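Trainee: If you're matching positions, the sequence shown starts at 1 in UniProt numbering and goes up one per residue.
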Amino acid sequence: MQRTLEITDANFEAVVVSSPLPTVVEFYAAWCGPSQATQPETVHHASQNHDCRIGRLDVDKNPLCVKRLGISSIPAVRFFSGADSTGELNTL
Numbered sequence: 001m002q003r004t005l006e007i008t009d010a011n012f013e014a015v016v017v018s019s020p021l022p023t024v025v026e027f028y029a030a031w032c033g034p035s036q037a038t039q040p041e042t043v044h045h046a047s048q049n050h051d052c053r054i055g056r057l058d059v060d061k062n063p064l065c066v067k068r069l070g071i072s073s074i075p076a077v078r079f080f081s082g083a084d085s086t087g088e089l090n091t092l
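1) Quick one: give me the first and last residue of the beta strand (DSSP E) that Val-24 is part of.
2) CA-CA distance, Gln-36 and His-45?
3) Alpha helix (DSSP H) containing Val-66: first to last residue?
4) Would you call the CB atoms of Phe-27 and Ala-83 closer than 8 Å?
5) Checking contacts by CB at 8 Å: is Val-59 closer than that to chain C?
6) Would you kindly check if the distance between the Cβ of Ser-85 and the Cβ of Leu-69 is under 8 Å?
7) Helix, strand or coil: which one does DSSP assign to Ala-76?
8) At the level of alpha carbons, what is the spacing between Ser-19 and Lys-67?
9) Compare the beta carbon distance of Val-25 and Val-16 with 8 Å and say whether it is the shorter of the two.
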């Protein structure tokens, strides 16, 4: 069973950019109701999917990634293949 990865400014390069598998990242905040509503789905998909890695990044605790990736609303879901953002899912 794969777990949801906790992605941070400190580990983004190692966990996402250097990953041999595509990575799905959900950008969230603990205070955001819609972010809390999407968490169970993220956890479920992480446990069911072995073709990609799935993680979450807390936007309040990781401002460098938020700024670098241009995240302007949450929750946001981005798909990465290495350093390239290959797509985005509009959650609202």
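Think of the CB as a built atom: it goes at the ideal place given N, C-alpha and C, for glycine as much as any other residue. The structure displayed is predicted, hence computed values, not measured ones.
Mentor: In brief:
1) 23-28
2) Note on geometry: alpha-carbon atoms of Gln-36 and His-45 lie some 15 Å from one another.
3) 63-69
4) In this structure, Ala-83 does not lie closer than 8 Å to Phe-27 by Cβ.
5) You won't find chain C in this structure, because it holds only one protein chain.
6) yes
7) strand
8) 21 Å
9) yes
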